[in-house]
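Heads up: the structure comes next, in C-alpha cells.
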Amino acid sequence: MADTPDATAAQGGPAGEAPLRGRIAKILNTSAVDGPGNRAVIFLQGCSFDCAYCHNPETRPAITAKPGLRPDGKEAWPRWMTSGQVLSSVGRYRAFLRGITVTGGECGEQPEFLQELLRDARAAGLPGLVDTNGSLDYEAWPGIVAAAEGFMLDLKAWDTDEHRALTGAGNASVLKNLDFLAASGALYELRTVIAPGLFDAEATVRNASEALARAGSKARYKLIRFRPQGVRAAWRSLPPPDDALMERLSALAADSGAAEVVVV
Amino acid sequence: MNPILATIEDRALTYQQKLAGLARLAENSLSVLTVTPEAQAYRDAGVICDLFEGEAPYRPRYIVPDYERFIKQGSAFLGVAPPTDIWEATAALLILYRHVPSITTFPVYLGDLDALLEPFVRDEAEARKAIGLFLLQIDRTINDSFCHADIGPRETQAGRLILELSREQKNAVPNLTLKYDPELTPEPFAELAAATALEVAKPSFASHRIFGADFRAMGFDDYAIVSCYNGLPKGGGSATLVRLNLARLAPYAKDAEDLLARVLPEAARLQLGYMDERVRFLVRESGFFESSFLVKEGLVRADRVTGMFGLVGLAELVNAHAGGKRFGHDDEAEALGLRIIESLSELVRDHSCPYLTMNEGRYLMHAQVGIDSDSGISPGCRIPIGDEPELPEHILRSAPYHAFFPSGIGDVFAFEPTAKANPRQLLDIAKGALASGLRYFSAYAADADVVRITGYLVKRSEIERMNRGEASLQDTTALGRNAVNNLGVLERRIRS
Ligand code: SF4
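Chains as they are written, first to last, in my numbering: chain A, 1 to 264; chain B, 1001 to 1496.
Set out below in C-alpha cells:
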C-alpha cells in the first residue's frame, strides 16, 4: 500500500459550504494492472457486496466516524478526503500518469464524490477509469458517465441466485449496467473471476459475451483466475482453476462474440 | 601461482579471454606513468581507481568511430568500398568492428544502427534477414556486453526491425539505447521499445533533449551512447575513465563542511592530475593518434576526444555525513548529495587537461556503475539496492543528479513480470522519468533471462553455466556473476 504525503489544506471548498469528502481506503501512486498505461489507483472505502473471494476485505466496511491517528502521528487509512486532496496527493507523480482508476471497495457507493473526483481529475488532465461491481445504476448518473474515461465492470455471475449466493446481493443492476455501458461505448473492460464451484462459469461467460456482441461492444473480456492469496481464511482452500478450464472459457467467450478475451 | 601461468591454465576462460588477460599482464609489467606519491596513496586505498585501464594506455578507453563517414567513404586501409546495399553495409560494419579497439578489446559503440542501415532497407524481408544475421554475428563475435548500439529518436523501418529482432533473438549483445524525444519519437515506436525492454532488458531510454543540449553546448551536433550509458561525441571518444570512490573517501572527512572545504578538492585535484598523466602518455607517447587508420581516415579525431571523471558511492558518502538522514529518502540528505556533486562538478570544470582540446580540455563527469568487486558501494549517485523508495519517488529523488553527468548516469528498475501485459505503463514511467530530468532510464522484467547488471547486460543462463565451472562466450558473464554476489543486483526492488 502506498503511503502518500498527508494532504494539507484539509478544509478545501468555498467558505461556509461543507466540502464534499470521500471515504478513501488507500491510494496507489502507480499501477500496471488497473487499466491502460501507468495509473494512480484510488480505492474508495465501503462495499455492499460480500464476495466470497474478495481480495480487499478490509475495504468493505463503510466508515462513518473520523478515523484516528497512527502511533507515528500520521493520519491512518481510511481517510476522509476531498477530491482536491486526492489529486494533490498524486500530483507529485503527475508526470508518470496516464490517468487514474477509481476502485474500491465499491466506488459506486459514493456517487457524488465519484462524480466530483472524475470531473476534477479530467480537468487536471487525468482521465479516470471507473472500476465497479455494477451495483450503482449508472444510467441514472449521466454526470459520472460523461466525466469517466471508461468503465471496468465486474460480472460476478450471470444467474441472479448464484450471484446472491456468491456476493449476498442480486445482480439486476449489474446486468442493466452491462447492457447500458456496452451499448453506450463506455465499457472498457468486463471481468469475471473464475472460481470453480461457486457459480456456473460457462453460462456466465457465454451469456456475457453474447450481451457484449449484441450491444456491438469492443470492450475486452478479462477472465481472472481465482487466487487464494489475500482472501478471507474460510475461502483460502478453494482451488484455483486449471489452465484447461481457463482456455475452454476463453474460447467460449470468443465464440460467443466477445471482441477480445484476456486470461490472467 | 604466477599470474601468467594461471591465466594460461584457467579452465573457465576462452582463448580470446586468455589472450586479453595476457596482454593486460604484459602492459602492467611496465611503469611508464609518473604518479605522485599522494595520488598513489589514494590509488592504493581504492579512493582513486582507473578501472583496470592498464599501466601504459595505448588506445583511448572508449572509441566512438564516425560510422556515418565510414559508410560514405569506405576505408582505404581496410580495402572496403562504400556499401551499396544492405548486405554490403552490414558486412562493411562487421569488418570495421573487428578493428575498433577499446578497453575491452571489443568496440564499445557500434553506431546509430537505424540511421546507418535505413538507406539500404529496400525490401523488408531481405532487410530482416540481413539485420538478423548482423545482430547474431555481433552477439557471437563481440563477446562483451559493454558494446552499445543506438537507435532513434525517429522511427525507421531499420529501427523497428532491430527492436523486433532483439526481442526474438534474446541476446545480451549489443546493449541498446533508444534516443527518445517526445516530439520526434512516435508513440507506437516507443511502445515497441518498452515491450522489447520487458522481454530482453533493452533498449534503455536516453533523453535526446538533455544529451543533445549538453553536446550542442560543447559544439557538437550529435552524440553517441556507448558502453554502459556513456554520452560521448561521435568521431572521438574518451581517452580515460578514472573514478573517485566517494564511499572510500568518507572516513577522510571530519564532517560535511570538512568534506566540502578540504577533502573533496584535494581528492579531485589528485584524480585530475592522475587522469592528465594517463592522457599525456596516450597522446604524447603511445603513438595511437599518429598510427591508427581510424585517425588517418578521419573516423576518429583527436579534437573530439575527452576524458571521463567518474565517481561512485555518493549514497554511502552522504549517509556517512548527513547526521543520520538517509540518501534517497530525506531532503537534508539530498541537499548534501547535491552540494557534493555541484562542488565536484565545479572542480572538474575549472580544470583543463593540457593534452586535450575538446571542450577546452575539460573532462566530462560520469556516474560510474561500479565494478564487480565493489561491495557495499552504490554505483554513481544511485540509491542503494534494498533501500529504494517507491518507483516514482525513486525517480524524482534521482533526477536532480542527472544534469551534472553529460558522459553518463542512469538508473535501473526491475519490473514485475505482469508489466509485460501493459508495456504502455513502462513507457509512461520512462517518459515521466525523462520529463522529470532523468537523462537515462533502464528497465527489465524480473523474470527475464537477459538482465541488466549495473549498466551492461548478462544472461542469467550464462551465469548458471559459469557457476557450473564452464567457460562463457561473453567475458561480461564473469563480471555479472560477481556483481550478483557482491552488489546484490538481482535483489532490486520489484516494481508493479
Ligand atoms: S465487489 Fe469487490 S470489494 Fe466488494 S466484496 Fe466483492 S470483491 Fe470485495
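Note that CB positions come from ideal geometry on N, CA and C, so glycine has one too.
None of these values were measured; they are calculated from a predicted model.
Is there a C-beta anywhere in chain B that falls below 8 Å from the one on residue i?
i                      : result
residue 43 of chain A  : no
residue 222 of chain A : no
residue 129 of chain A : no
residue 138 of chain A : no
residue 188 of chain A : no
residue 11 of chain A  : Because the pLDDT of residue 11 of chain A is 37, which lies under 50, any placement of that residue in the model is unreliable, and the question is left without a value.
By the criterion of Cβ-Cβ separation under 7 Å, what are the contact partners of residue i in chain A?
i                       : result
residue 1391 of chain B : 30
residue 1418 of chain B : 32 and 33
Does the separation of the CB atoms of residue i and residue j fall below 8 Å?
i                       : j                       : result
residue 1176 of chain B : residue 1203 of chain B : yes
residue 1291 of chain B : residue 1062 of chain B : no
residue 1250 of chain B : residue 1335 of chain B : no
residue 1048 of chain B : residue 1056 of chain B : no
residue 1364 of chain B : residue 1306 of chain B : yes
residue 32 of chain A   : residue 1496 of chain B : yes
residue 1354 of chain B : residue 1428 of chain B : no
residue 1172 of chain B : residue 1145 of chain B : yes
residue 180 of chain A  : residue 139 of chain A  : yes
residue 151 of chain A  : residue 187 of chain A  : yes
residue 249 of chain A  : residue 202 of chain A  : yes
residue 36 of chain A   : residue 92 of chain A   : no
residue 1432 of chain B : residue 95 of chain A   : yes
residue 1389 of chain B : residue 1315 of chain B : no
residue 1284 of chain B : residue 1414 of chain B : no
Give a yes or no on whether 8 Å exceeds the smallest Cβ distance from residue i to chain A.
i                       : result
residue 1436 of chain B : yes
residue 1424 of chain B : yes
residue 1054 of chain B : no
residue 1204 of chain B : no
residue 1432 of chain B : yes
residue 1496 of chain B : yes
Kindly examine ligand 1 and report whether one of its heavy atoms sits closer than 7 Å to the Cβ of residue i.
i                       : result
residue 59 of chain A   : yes
residue 22 of chain A   : no
residue 50 of chain A   : yes
residue 154 of chain A  : yes
residue 207 of chain A  : no
residue 170 of chain A  : no
residue 162 of chain A  : no
residue 133 of chain A  : yes
residue 1485 of chain B : no
residue 54 of chain A   : yes
residue 167 of chain A  : yes
residue 1381 of chain B : no
residue 1370 of chain B : no
residue 47 of chain A   : yes
residue 104 of chain A  : yes
Within 10 angstroms of its Cβ, does residue i collect 16 or more other Cβ (buried), or is it exposed?
i                       : result
residue 1015 of chain B : exposed
residue 1359 of chain B : buried
residue 1134 of chain B : buried
residue 1084 of chain B : exposed
residue 196 of chain A  : exposed
residue 109 of chain A  : buried
residue 26 of chain A   : buried
residue 236 of chain A  : exposed
residue 1491 of chain B : exposed
residue 1369 of chain B : buried
residue 1131 of chain B : buried
residue 1240 of chain B : buried
residue 1459 of chain B : buried
Closer than 8 Å by beta-carbon distance: list the chain A residues that pair up with residue i, in chain order.
i                       : result
residue 1428 of chain B : 37, 38, 96, 97 and 98
Is the closest heavy atom of ligand 2 to the C-beta of residue i under 7 Å?
i                      : result
residue 107 of chain A : Judged by which ligands are present, ligand 2 is missing from the structure shown, whose ligands are ligand 1.
What residues of chain B sit near residue i, judged by a beta carbon separation below 7 Å?
i                     : result
residue 93 of chain A : 1392
Can you find a C-beta in chain C that's less than 8 Å from the C-beta of residue i?
i                      : result
residue 258 of chain A : Absent from the structure is chain C; the protein chains it does hold are A and B.
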